[in-house]
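Residue numbers (the working numbering): 12 to 327.
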(Lines of atoms letter the chains of each structure in order from A; the text may use other names.)
(Lines give C-alpha, C1' and ligand atoms only; values in the text may rest on other atoms or scores of the structure.)
Protein backbone atom coordinates (compact mmCIF):
# COMPACT_ATOMS: atom_id res chain seq x y z
CA UNK A 12 0.00 0.00 0.00
CA UNK A 13 1.46 3.35 -1.10
CA UNK A 14 0.84 6.51 0.95
CA UNK A 15 -1.42 8.85 -1.11
CA UNK A 16 0.34 11.82 -2.69
CA UNK A 17 -2.10 14.31 -1.14
CA UNK A 18 -1.30 13.09 2.37
CA UNK A 19 2.44 13.27 1.74
CA UNK A 20 2.17 16.72 0.17
CA UNK A 21 -0.09 18.17 2.88
CA UNK A 22 1.88 16.78 5.81
CA UNK A 23 5.22 17.89 4.39
CA UNK A 24 3.86 21.35 3.52
CA UNK A 25 2.53 22.02 7.02
CA UNK A 26 5.71 20.71 8.63
CA UNK A 27 7.91 22.78 6.30
CA UNK A 28 6.08 26.09 6.82
CA UNK A 29 6.18 25.76 10.60
CA UNK A 30 9.75 24.48 10.61
CA UNK A 31 11.20 27.30 8.51
CA UNK A 32 9.68 29.88 10.85
CA UNK A 33 10.95 27.98 13.87
CA UNK A 34 14.42 27.56 12.35
CA UNK A 35 14.74 31.29 11.72
CA UNK A 36 13.63 31.99 15.29
CA UNK A 37 16.17 29.61 16.82
CA UNK A 38 19.03 30.69 14.53
CA UNK A 39 18.30 34.34 15.26
CA UNK A 40 18.54 33.82 19.02
CA UNK A 41 21.59 31.57 18.76
CA UNK A 42 23.37 34.38 16.91
CA UNK A 43 21.96 37.34 18.82
CA UNK A 44 22.07 36.01 22.40
CA UNK A 45 25.68 36.03 23.70
CA UNK A 46 24.93 33.38 26.32
CA UNK A 47 23.62 31.00 23.68
CA UNK A 48 26.25 31.42 20.99
CA UNK A 49 29.13 31.35 23.48
CA UNK A 50 27.98 28.04 24.96
CA UNK A 51 30.14 25.37 23.33
CA UNK A 52 27.39 22.74 23.39
CA UNK A 53 25.24 24.94 21.11
CA UNK A 54 27.84 25.27 18.34
CA UNK A 55 27.37 21.90 16.65
CA UNK A 56 23.61 22.10 17.24
CA UNK A 57 23.57 25.46 15.48
CA UNK A 58 25.55 24.00 12.57
CA UNK A 59 23.10 21.09 12.28
CA UNK A 60 20.21 23.55 12.38
CA UNK A 61 21.78 25.64 9.60
CA UNK A 62 22.27 22.58 7.38
CA UNK A 63 18.68 21.58 8.03
CA UNK A 64 17.47 25.06 7.07
CA UNK A 65 19.42 24.93 3.79
CA UNK A 66 17.83 21.56 3.08
CA UNK A 67 14.38 22.96 3.87
CA UNK A 68 14.68 25.74 1.28
CA UNK A 69 16.14 23.50 -1.44
CA UNK A 70 15.31 19.82 -1.11
CA UNK A 71 11.87 20.05 0.48
CA UNK A 72 10.25 22.48 -2.02
CA UNK A 73 11.34 20.13 -4.80
CA UNK A 74 9.74 17.24 -2.93
CA UNK A 75 6.51 19.19 -2.56
CA UNK A 76 6.41 19.96 -6.28
CA UNK A 77 7.07 16.30 -7.09
CA UNK A 78 4.11 15.09 -5.03
CA UNK A 79 1.90 17.96 -6.20
CA UNK A 80 2.53 16.75 -9.77
CA UNK A 81 1.40 13.24 -8.75
CA UNK A 82 4.96 11.92 -9.16
CA UNK A 83 4.94 12.90 -12.84
CA UNK A 84 7.79 15.36 -13.26
CA UNK A 85 10.31 15.18 -16.08
CA UNK A 86 13.71 16.43 -14.91
CA UNK A 87 17.19 16.74 -16.38
CA UNK A 88 20.18 14.68 -15.28
CA UNK A 89 21.99 17.72 -13.85
CA UNK A 90 19.00 18.78 -11.77
CA UNK A 91 18.55 15.22 -10.50
CA UNK A 92 22.20 15.13 -9.49
CA UNK A 93 21.91 18.44 -7.64
CA UNK A 94 18.80 17.19 -5.86
CA UNK A 95 20.51 13.93 -4.91
CA UNK A 96 23.48 15.86 -3.51
CA UNK A 97 21.30 18.05 -1.30
CA UNK A 98 19.16 15.10 -0.20
CA UNK A 99 21.80 12.49 0.62
CA UNK A 100 24.71 14.81 1.36
CA UNK A 101 22.97 17.11 3.82
CA UNK A 102 20.91 14.31 5.37
CA UNK A 103 23.90 12.10 6.14
CA UNK A 104 26.11 15.00 7.30
CA UNK A 105 23.23 16.11 9.52
CA UNK A 106 23.23 12.70 11.21
CA UNK A 107 27.00 12.32 11.42
CA UNK A 108 27.32 15.73 13.07
CA UNK A 109 24.80 14.80 15.71
CA UNK A 110 26.60 11.51 16.31
CA UNK A 111 29.71 13.58 17.04
CA UNK A 112 27.63 15.90 19.27
CA UNK A 113 26.69 12.93 21.47
CA UNK A 114 30.38 12.12 21.92
CA UNK A 115 31.36 15.73 22.51
CA UNK A 116 28.68 16.11 25.18
CA UNK A 117 30.57 13.56 27.31
CA UNK A 118 33.68 15.73 26.96
CA UNK A 119 31.87 18.96 27.84
CA UNK A 120 30.25 17.49 30.94
CA UNK A 121 32.84 15.10 32.34
CA UNK A 122 36.16 16.15 30.76
CA UNK A 123 35.91 19.92 30.41
CA UNK A 124 39.64 20.27 31.19
CA UNK A 125 40.31 18.87 27.72
CA UNK A 126 39.10 22.15 26.17
CA UNK A 127 40.55 24.72 28.57
CA UNK A 128 43.12 26.12 26.13
CA UNK A 129 42.54 27.55 22.65
CA UNK A 130 44.59 24.81 21.02
CA UNK A 131 42.60 22.08 22.77
CA UNK A 132 39.32 23.74 21.83
CA UNK A 133 40.49 23.95 18.23
CA UNK A 134 41.51 20.28 18.07
CA UNK A 135 38.67 18.77 20.11
CA UNK A 136 35.74 21.16 19.68
CA UNK A 137 36.05 22.91 16.30
CA UNK A 138 38.07 20.52 14.14
CA UNK A 139 35.90 17.33 14.29
CA UNK A 140 32.69 19.00 13.02
CA UNK A 141 34.69 20.74 10.30
CA UNK A 142 36.21 17.42 9.20
CA UNK A 143 32.79 15.75 9.17
CA UNK A 144 31.30 18.61 7.15
CA UNK A 145 34.12 18.66 4.58
CA UNK A 146 34.26 14.86 4.32
CA UNK A 147 30.51 14.37 3.91
CA UNK A 148 29.93 17.11 1.34
CA UNK A 149 33.09 16.22 -0.60
CA UNK A 150 32.22 12.51 -0.61
CA UNK A 151 28.75 13.04 -2.04
CA UNK A 152 29.94 15.72 -4.45
CA UNK A 153 32.38 13.21 -5.95
CA UNK A 154 29.88 10.34 -5.89
CA UNK A 155 27.12 12.38 -7.51
CA UNK A 156 28.94 14.72 -9.91
CA UNK A 157 32.28 12.98 -10.58
CA UNK A 158 31.62 9.23 -10.65
CA UNK A 159 33.85 6.90 -12.71
CA UNK A 160 30.75 5.89 -14.71
CA UNK A 161 27.53 7.44 -16.03
CA UNK A 162 24.48 8.14 -13.87
CA UNK A 163 21.00 7.50 -15.24
CA UNK A 164 17.81 9.58 -14.94
CA UNK A 165 14.72 7.77 -13.63
CA UNK A 166 11.78 10.20 -13.55
CA UNK A 167 9.39 7.68 -12.01
CA UNK A 168 11.03 8.05 -8.57
CA UNK A 169 11.50 11.12 -6.38
CA UNK A 170 15.30 11.11 -6.29
CA UNK A 171 15.44 10.82 -10.05
CA UNK A 172 19.12 9.90 -10.50
CA UNK A 173 20.26 6.29 -10.35
CA UNK A 174 23.89 6.30 -9.31
CA UNK A 175 26.06 4.04 -11.40
CA UNK A 176 27.88 3.11 -8.18
CA UNK A 177 24.81 1.39 -6.74
CA UNK A 178 26.06 -1.88 -8.22
CA UNK A 179 29.39 -1.53 -6.42
CA UNK A 180 29.56 -3.77 -3.35
CA UNK A 181 32.31 -1.67 -1.82
CA UNK A 182 30.27 1.52 -2.13
CA UNK A 183 27.18 -0.23 -0.75
CA UNK A 184 29.04 -1.57 2.28
CA UNK A 185 30.79 1.77 2.88
CA UNK A 186 27.48 3.62 2.70
CA UNK A 187 25.57 1.16 4.85
CA UNK A 188 28.18 0.84 7.60
CA UNK A 189 29.99 4.18 7.81
CA UNK A 190 27.14 6.52 6.88
CA UNK A 191 24.13 4.63 8.20
CA UNK A 192 24.84 2.02 10.87
CA UNK A 193 27.80 3.67 12.61
CA UNK A 194 26.19 7.10 13.26
CA UNK A 195 23.00 5.48 14.53
CA UNK A 196 24.96 3.15 16.81
CA UNK A 197 26.98 6.06 18.18
CA UNK A 198 23.82 8.06 18.87
CA UNK A 199 22.15 5.15 20.68
CA UNK A 200 25.15 4.13 22.77
CA UNK A 201 26.54 7.58 23.52
CA UNK A 202 23.17 9.10 24.45
CA UNK A 203 22.17 6.26 26.75
CA UNK A 204 25.56 6.16 28.49
CA UNK A 205 25.47 9.95 28.90
CA UNK A 206 22.12 9.72 30.66
CA UNK A 207 23.39 6.98 32.97
CA UNK A 208 26.59 8.88 33.78
CA UNK A 209 24.73 12.10 34.58
CA UNK A 210 22.24 10.31 36.83
CA UNK A 211 25.08 8.53 38.60
CA UNK A 212 26.93 11.80 39.08
CA UNK A 213 23.82 13.40 40.56
CA UNK A 214 23.66 10.73 43.25
CA UNK A 215 27.38 10.90 43.96
CA UNK A 216 27.94 14.68 43.87
CA UNK A 217 25.28 17.00 45.34
CA UNK A 218 26.13 20.26 43.57
CA UNK A 219 23.02 22.19 42.51
CA UNK A 220 24.65 24.63 40.08
CA UNK A 221 26.63 21.96 38.28
CA UNK A 222 23.67 19.58 38.20
CA UNK A 223 21.40 22.30 36.74
CA UNK A 224 23.90 23.00 33.95
CA UNK A 225 24.48 19.32 33.21
CA UNK A 226 20.75 18.64 33.27
CA UNK A 227 20.11 21.25 30.55
CA UNK A 228 22.86 19.86 28.35
CA UNK A 229 21.65 16.29 28.86
CA UNK A 230 17.99 17.07 28.22
CA UNK A 231 18.89 18.86 24.99
CA UNK A 232 20.91 15.93 23.70
CA UNK A 233 18.50 13.18 24.79
CA UNK A 234 15.55 15.04 23.24
CA UNK A 235 17.29 15.26 19.88
CA UNK A 236 18.47 11.64 20.18
CA UNK A 237 14.87 10.49 20.62
CA UNK A 238 13.97 12.38 17.44
CA UNK A 239 16.68 10.53 15.52
CA UNK A 240 15.69 7.18 16.98
CA UNK A 241 12.03 7.62 16.04
CA UNK A 242 12.49 9.00 12.53
CA UNK A 243 15.94 7.94 11.33
CA UNK A 244 16.51 4.44 12.72
CA UNK A 245 13.56 2.79 10.87
CA UNK A 246 14.85 4.13 7.53
CA UNK A 247 18.34 2.87 8.35
CA UNK A 248 16.98 -0.58 9.17
CA UNK A 249 14.95 -0.66 5.95
CA UNK A 250 18.00 0.38 3.94
CA UNK A 251 20.11 -2.32 5.60
CA UNK A 252 17.45 -4.95 4.87
CA UNK A 253 17.64 -4.23 1.14
CA UNK A 254 21.34 -5.16 1.13
CA UNK A 255 20.68 -8.80 2.04
CA UNK A 256 18.75 -11.35 -0.01
CA UNK A 257 17.03 -12.90 3.02
CA UNK A 258 15.53 -9.56 4.15
CA UNK A 259 15.28 -7.78 0.79
CA UNK A 260 11.49 -8.12 0.44
CA UNK A 261 10.96 -6.86 3.99
CA UNK A 262 13.13 -3.83 3.29
CA UNK A 263 11.23 -3.07 0.08
CA UNK A 264 7.89 -3.33 1.93
CA UNK A 265 8.71 -1.09 4.91
CA UNK A 266 11.02 1.21 2.92
CA UNK A 267 8.37 3.69 1.62
CA UNK A 268 6.85 4.13 5.09
CA UNK A 269 10.22 4.48 6.81
CA UNK A 270 11.39 6.94 4.16
CA UNK A 271 8.22 9.01 4.49
CA UNK A 272 8.66 9.43 8.24
CA UNK A 273 12.42 9.98 7.98
CA UNK A 274 11.85 13.25 6.11
CA UNK A 275 10.14 14.67 9.20
CA UNK A 276 13.39 14.52 11.16
CA UNK A 277 14.87 17.75 9.77
CA UNK A 278 11.63 19.81 10.01
CA UNK A 279 11.07 18.69 13.62
CA UNK A 280 14.66 19.41 14.67
CA UNK A 281 14.19 23.16 15.43
CA UNK A 282 11.10 22.42 17.56
CA UNK A 283 13.10 20.01 19.69
CA UNK A 284 15.76 22.72 20.04
CA UNK A 285 13.18 25.15 21.42
CA UNK A 286 11.74 22.59 23.83
CA UNK A 287 15.19 21.62 25.10
CA UNK A 288 16.51 25.19 25.53
CA UNK A 289 14.76 27.05 28.39
CA UNK A 290 16.25 30.37 27.21
CA UNK A 291 14.40 30.12 23.89
CA UNK A 292 11.13 29.23 25.61
CA UNK A 293 11.46 32.32 27.80
CA UNK A 294 12.09 34.57 24.78
CA UNK A 295 9.18 33.06 22.93
CA UNK A 296 6.67 33.58 25.74
CA UNK A 297 7.98 37.05 26.57
CA UNK A 298 7.48 38.18 22.97
CA UNK A 299 4.01 36.59 22.82
CA UNK A 300 2.68 38.08 26.06
CA UNK A 301 4.32 41.48 25.55
CA UNK A 302 2.66 41.93 22.18
CA UNK A 303 -0.69 40.86 23.62
CA UNK A 304 -0.29 43.44 26.40
CA UNK A 305 0.45 46.18 23.86
CA UNK A 306 -2.66 45.32 21.86
CA UNK A 307 -4.85 45.38 24.98
CA UNK A 308 -3.59 48.65 26.47
CA UNK A 309 -3.06 50.64 23.24
CA UNK A 310 -5.31 49.12 20.58
CA UNK A 311 -5.25 52.23 18.38
CA UNK A 312 -1.47 52.64 18.33
CA UNK A 313 -0.38 49.05 18.01
CA UNK A 314 1.52 49.56 14.78
CA UNK A 315 3.52 52.51 16.03
CA UNK A 316 4.46 50.88 19.30
CA UNK A 317 5.31 47.60 17.65
CA UNK A 318 7.61 49.41 15.26
CA UNK A 319 9.38 51.08 18.16
CA UNK A 320 9.77 47.75 19.92
CA UNK A 321 11.29 46.22 16.82
CA UNK A 322 13.63 49.16 16.38
CA UNK A 323 14.76 48.99 19.99
CA UNK A 324 15.36 45.28 19.75
CA UNK A 325 17.49 45.81 16.66
CA UNK A 326 19.50 48.56 18.31
CA UNK A 327 20.01 46.40 21.40
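We put the beta carbon where it would ideally sit given N, CA and C, even for glycine.
Span of the alpha helix (DSSP H), counted from its first residue to its last, around residue 22: First-last of the alpha helix (DSSP H) with residue 22: 16-43.
Cross-strand partners of residue 172 (DSSP beta bridge): Partner(s): 164.
Chain B within 9 angstroms of residue 119, Cβ atoms only: This model lacks chain B altogether, as it is built from one protein chain only.
Candidates 71, 35, 162 and 184, of which the one nearest residue 274 by Cα: For the residues 71, 35, 162 and 184, the minimum Cα distance to residue 274 belongs to 71.
Cβ pair count under 8 angstroms reaching 3, the stretch 81-92 against the stretch 116-134: Because the criterion of three Cβ pairs below 8 angstroms is not met, the stretch 81-92 and the stretch 116-134 do not touch.
Where residue 247 falls: helix, strand or coil (DSSP): Note: residue 247 maps to helix in three-state DSSP.
Distance between residue 151 and residue 139 (C-alpha atoms, nearest Å): Roughly 18 angstroms between the two C-alpha positions.
Limits of the alpha helix (DSSP H) - the one that residue 349 falls within: No answer is possible for residue 349: the residues shown for the chain start at 12 and end at 327.
Cα-Cα separation, residue 91 to residue 207: Approximately 45 angstroms, taken between the alpha carbons.
Exposure of residue 25, with buried meaning 16 or more beta-carbon neighbours within 10 Å: Under this definition residue 25 is an exposed residue.
Which of helix, strand or coil DSSP assigns to residue 13: Residue state, collapsed to three classes: coil.
For residue 29 and residue 343, the rounded distance between their alpha carbons: The structure shown does not extend to residue 343, since the chain is modelled only from 12 to 327, so the question has no answer here.
For residue 302, the three-state DSSP class (helix, strand or coil): Low confidence applies to residue 302: its pLDDT is 47, below 50, so where it sits in the model is not reliable enough to give any reading.
Whole-Å CB distance - residue 272 paired with residue 261, under 8 angstroms assumed: For residue 272 against residue 261, the beta-carbon gap comes to about 17 angstroms, at or over 8 angstroms, which does not count as contact.
Sequence-distant residues of its chain with Cβ nearer than 6 angstroms to residue 78 (five each side left out): Excluding positions up to five away in sequence, the list reads 16, 19 and 20.
Helix, strand or coil at residue 54 according to DSSP, with G and I counted as helix: Helix, per DSSP.
Heavy atom of the ligand MG within 8 angstroms of residue 73 beta-carbon: The ligand MG is not part of this structure, which contains no ligands at all.
Beta carbon of residue 234 nearer than 9 angstroms to that of residue 114: Not a contact, by the Cβ cut-off of 9 angstroms.
Residue 187 versus 225, 249 and 134, residue with shortest Cα-Cα distance: Cα-wise, what sits closest to residue 187 is 249.
Distance between residue 191 and residue 276 (C-alpha atoms, nearest Å): In a straight line, the C-alpha of residue 276 is about 15 angstroms away from that of residue 191.
Span of the alpha helix (DSSP H), counted from its first residue to its last, around residue 213: Looking at the DSSP string, the run of the alpha helix (DSSP H) that includes residue 213 is 193-215.
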